[in-house]
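Enquirer: Residue numbers (this note's numbering), protein chains in the order written: chain A, 12 to 99; chain B, 8 to 478. Quick reminder that beta carbons are idealized off the backbone N, C-alpha and C, glycines included.
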Amino acid sequence: MRKLERLALISLTEQERQEFMRDLARILDFFNKIDELNLEGVEPMFHPLSTGKLRPDRPNQPLSRDEALSNVPKKKDGYIIGPSTIGG
Amino acid sequence: MILEMVNDLRNGNLSPDEYVGRTFERIKRVEDRVKAFVTIRREEDVLEEVKRAVKEGRRLSGLLIAVKDNISTKGIRTTCSSKMLENYVPPYDATVILKLRKEGAVILGKTNMDEFAMGSTTETSYFGPTRNPWDLSRTPGGSSGGSGSALAAGYVSVALGSDTGGSIRTPASFTSTYGLKPSYGTVSRYGLVAYANSLEQIGPMARNSADLALLFSIIAGSDQRDATTIDYSPPSSINPIAVKGIKVGVLKDVMDASDPGVAGVVKDFLNKMSSEGAVVEETNLGMVDYVLPTYYIIAMSEASSNLARYDGVRYGYSSNAEGNWKDVYSRNRGEGFGKEVKRRILLGSFILSAGYYEQFYIRALKTRRLIRDSLEKLFSRYDILVSPTSPILPPRIGEVIDDPVKMYAMDVATVTANLAAIPGLSIPAGFYNGLPVGVQLMGRYLSDTFLMGVSLYMENITGLKDITAPL
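So this is what it looks like as structure tokens:
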């Protein structure tokens with residue numbers, strides 16, 4: 012469970028950890044149902060449509076810096092203040 | 008009928024003051040019991056916008072619409088019913104919102120939903136559950152439950168929802184309204200807060216089939232901002248399609264998995280189709296035991312990837328935690344997300360991790376292909392596949408929420424359409440013990456308009472249109 016918390020970058024309380032352990036075991040059991048199927052030679056279907064179409068590679072009108080940063084919790088002079096990324 | 012209302016507004020038979028006034032009057036009278044909205048705009052702002060729109064004389068000029076709170080609306084907060092986005096105000100509009108504004112529609116408010124659309128009852132909302140106007144002790148279904156309740160409570164004639172595994176159709180079924188999960192690629196997802204992109208679509212919800220079709224025609228179409236959209240323009244008005252001679256396959260395995268009360272109402276509906284000359288035959292979906300695991304494995308995997316963007320640094324909930332980036336992100340996410348969202352992200356991370364990726368994710372994608380192929384075979388024999396929209400009646404608040412597997416089982420009839428990219432339409436079939444029961448029609452890819460034509464024909468037989476819950 013702690014490994015999953017690290018993978019998902021979600022810190023849980025001890026109570027949540029206990030509860031989720033129980034839930035996850037039960038849900039994985041429910042997922043195991045597809046083990047019964049013979050899937051030999053079947054191609055995985057990653058996406059329902061086989062084609063996508065991209066727009067011409069020309070810049071569109073972007074948001075202004077103020078608009079783009081309008082929801083930043085901590086900012087200064089048009090920059091986002093984030094946590095330390097060294098030594099993580 | 009929204010066209011008549013827009014017409015009345017245009018020619019002065021209905022004044023903006025009267026229209027907006029009576030809408031807010033209704034909200035004031037019942038909304039603290041229903042709780043359909045997360046955000047209701049100020050009455051004076053709405054009135055001013057309606058007045059301006061009416062003067063412009065466009066197709067939907069002045070029409071009030073309710074919008075699910077995971078669809079970005081410029082200047083109106085868009086929370087996804089999550090603490091994570093409680094104060095998030097988008098600086099841009101979703102494509103569907105731009106299209107609606109262009110036609111003169113006016114947003115009344117943003118509707119409650121399961122947090123990040125993860126749930127089938129609108130109970131996982133950070134802001135508390137929405138209640139079903141037909142029975143306030145019960146849920147309206149989810150995740151677009153706020154939109155369903157806003158329609159059934161009579162606040163609005165049309166609403167937007169989104170459907171990843173039944174999130175439009177289940178609330179439509181539980182509130183006796185109409186809801187379409189469109190064919191994948193017909194409606195732009197630009198500005199829809201992503202949960203599981205290969206499955207979800209924005210779609211229309213309404214109180215009758217004609218309004219549903221009109222709303223769909225306005226929001227559909229290709230969009231440069233969503234590379235998965237296709238060139239498609241459905242007609243704005245539809246004609247009833249007589250069901251005589253239409254081949255209807257009834258999904259017996261889904262019927263058998265449903266409450267007898269629900270199945271009974273759907274059988275009555277099918278008898279009406281038969282009396283009208285439809286060729287009704289029992290068949291089986293075939294993969295019924297596998298659709299739910301397949302759907303949930305894919306949805307949770309995509310969710311864990313999509314929701315990685317919430318770090319609480321660029322936007323969203325910030326816990327004021329100190330430390331390195333991993334600690335700060337983990338705290339922000341641990342405190343900002345609710346239980347069901349965390350459950351799905353953790354499971355998705357597990358499924359996609361080394362050692363389990365092949366066993367779960369790849370196998371689910373292979374099963375998805377088998378399910379799609381099996382539907383294609385069914386559609387070589389039938390024009391429409393019919394089943395209950397939900398196997399159960401609207402559950403009481405608290406009845407399924409503590410048991411995830413029980414809640415997931417509610418989606419047995421609906422997830423198939425998302426897995427196979429085909430249209431699914433829920434229409435009112437009747438009532439059982441005073442509770443609404445919806446019937447689901449599924450059709451071939453891009454048969455959305457055909458399904459709504461059949462729905463228009465059948466609604467004149469059932470008489471179940473434009474009905475408001477007695478509140």
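According to a CB-to-CB cut-off of less than 9 angstroms, which residues of the region 18-48 of chain A neighbour chain B?
Expert: L18, A19, L20, I21, S22, L23, T24, E27, E30, F31, D34, L35, R37, I38, L39, D40, F41, F42, N43, K44, I45, D46, E47, L48
Enquirer: Any beta carbon from chain B within less than 8 angstroms of A:G99's own beta carbon?
Expert: Only weak support is given to the placement of A:G99: the predicted model assigns it a pLDDT of 48, under 50, and the value that follows is read from those uncertain coordinates. A:G99 counts as touching chain B.
Enquirer: In the structure shown, what three-state DSSP assignment does B:P178 receive?
Expert: helix
Enquirer: If contacts are defined as beta-carbon pairs under 8 angstroms, then B:R388 and B:G293 qualify, I think. What distance do you get, rounded to the angstrom?
Expert: At roughly 12 angstroms, the Cβ-Cβ gap does not stay under 8 angstroms, so B:R388 and B:G293 are not in contact.
Enquirer: Please report how far the alpha carbon of A:G99 lies from the alpha carbon of A:S22, in whole angstroms.
Expert: Low per-residue confidence applies at A:G99: pLDDT is 48, beneath 50, and the placement is therefore not dependable enough to give any value.
Enquirer: I'd like to know if A:P73 contacts chain B, where contact means its C-beta is closer than 8 angstroms to some C-beta of that chain.
Expert: no
Enquirer: Could you check whether the Cβ of B:T85 sits closer than 8 angstroms to any Cβ belonging to chain A?
Expert: no
Enquirer: By the criterion of Cβ-Cβ separation under 8 angstroms, what are the contact partners of B:A234 in chain D?
Expert: In summary, chain D is missing from the structure at hand, where the protein chains are A and B.
Enquirer: Go to B:A166, then tell me how far its alpha helix (DSSP H) extends in each direction, as first and last residue.
Expert: From DSSP, B:A166 is part of no alpha helix (DSSP H) but of the beta strand (DSSP E) over 165-170.
Enquirer: Just how far apart, CA to CA, sit B:A227 and B:I209?
Expert: 9 angstroms
Enquirer: Taking 6 angstroms as the limit between beta carbons, can you name the residues of its chain near B:R48, skipping five residues before and five after?
Expert: G116
Enquirer: Please report whether the beta-carbon of B:R388 lies at a distance below 8 angstroms from any beta-carbon of chain A.
Expert: no
Enquirer: Taking the straight line between their C-alpha atoms, what separation do you get for B:V422 and B:L299?
Expert: 7 angstroms
Enquirer: For A:L50 and B:E309, what's the separation of their Cα atoms in angstroms?
Expert: 22 angstroms
Enquirer: Starting from B:E289, follow the beta strand (DSSP E) in both directions and report where the run begins and ends.
Expert: In the DSSP assignment, B:E289 falls within the beta strand (DSSP E) that extends over 286-290.
Enquirer: Taking B:G126 and B:T137 to be in contact with their CB atoms under 8 angstroms, please state how far apart those CB atoms are, rounded to whole angstroms.
Expert: In fact, because the Cβ distance is near 11 angstroms, the residues do not count as touching under 8 angstroms.
Enquirer: Are any of the Cβ atoms in chain A nearer than 8 angstroms to that of B:L458?
Expert: no
Enquirer: Say whether the region 161-179 of chain B touches the region 52-72 of chain B, bearing in mind that this needs 3 or more beta-carbon pairs closer than 8 angstroms, one atom from each stretch.
Expert: yes
Enquirer: Can the beta-carbon of B:E174 be found less than 8 angstroms from the beta-carbon of B:G192?
Expert: Sequence inspection shows Ser at residue 174 of chain B; the Glu mentioned does not correspond to that position. It is not a contact, given that the beta carbons lie outside the stated cut-off.
Enquirer: Just the chain B side, please: which residues come within less than 8 angstroms of A:P70 by C-beta, in chain order?
Expert: By Cβ distance, chain B contributes nothing, its closest Cβ being about 13 angstroms from A:P70, past 8 angstroms.
Enquirer: Just the C-alpha distance for B:S360 and B:S397, rounded to the nearest angstrom, thanks.
Expert: 33 angstroms
Enquirer: Spell out whether any CB of chain B is found under 8 angstroms from the CB atom of A:S81.
Expert: yes
Enquirer: Take B:V2 as the anchor and find which of B:Y303, B:D170, B:K274 has the nearest alpha-carbon.
Expert: The displayed coordinates of chain B run from 8 to 478. Any statement about residue 2 of chain B would go beyond what the structure contains.
Enquirer: Across which residues does DSSP place B:Q208 in a beta bridge pair?
Expert: BP columns for B:Q208 point to B:D170.
Enquirer: Could you please give me the residues that DSSP links to B:T184 through a beta bridge?
Expert: The partner list for B:T184 (beta bridge, DSSP) is empty, contrary to what the question assumes.
Enquirer: In the DSSP assignment, what are the bridge partners of B:N139?
Expert: B:D142
Enquirer: Based on the DSSP output, what are the partners of B:K75 in its beta bridges?
Expert: B:T118
Enquirer: Whose CA, out of B:A424, B:K81, B:L377, lies closest to the CA of B:D455?
Expert: Taking only the C-alpha atoms, the option nearest B:D455 is B:A424.
Enquirer: Please classify B:F367 as buried or exposed, where buried requires at least 16 other C-beta atoms within 10 Å of its C-beta.
Expert: buried
Enquirer: If I follow the unbroken alpha helix (DSSP H) through B:I378, where does it start and stop?
Expert: Counting along the chain, the alpha helix (DSSP H) containing B:I378 begins and ends at 370-388.
Enquirer: Give a yes or no on contact between the region 216-226 of chain B and the region 243-259 of chain B, applying the rule of three or more CB pairs nearer than 8 angstroms.
Expert: yes
Enquirer: Specify, as a first and last residue, the run of the beta strand (DSSP E) that B:Y439 falls within.
Expert: 431-439 is the span of the beta strand (DSSP E), which, as asked, contains B:Y439.
Enquirer: Which residues in chain B sit within 9 angstroms of A:G89, going by Cβ to Cβ distance?
Expert: Chain B residues near A:G89: none, gap ~13 angstroms exceeds 9 angstroms.
Enquirer: Taking 8 angstroms as the threshold (beta carbon to beta carbon), is B:N291 in contact with chain A?
Expert: no
Enquirer: Please confirm whether B:L71 has its beta-carbon closer than 8 angstroms to some beta-carbon of chain A.
Expert: no
Enquirer: Could you name the residues that DSSP lists as bridge partners for B:T80?
Expert: B:I83
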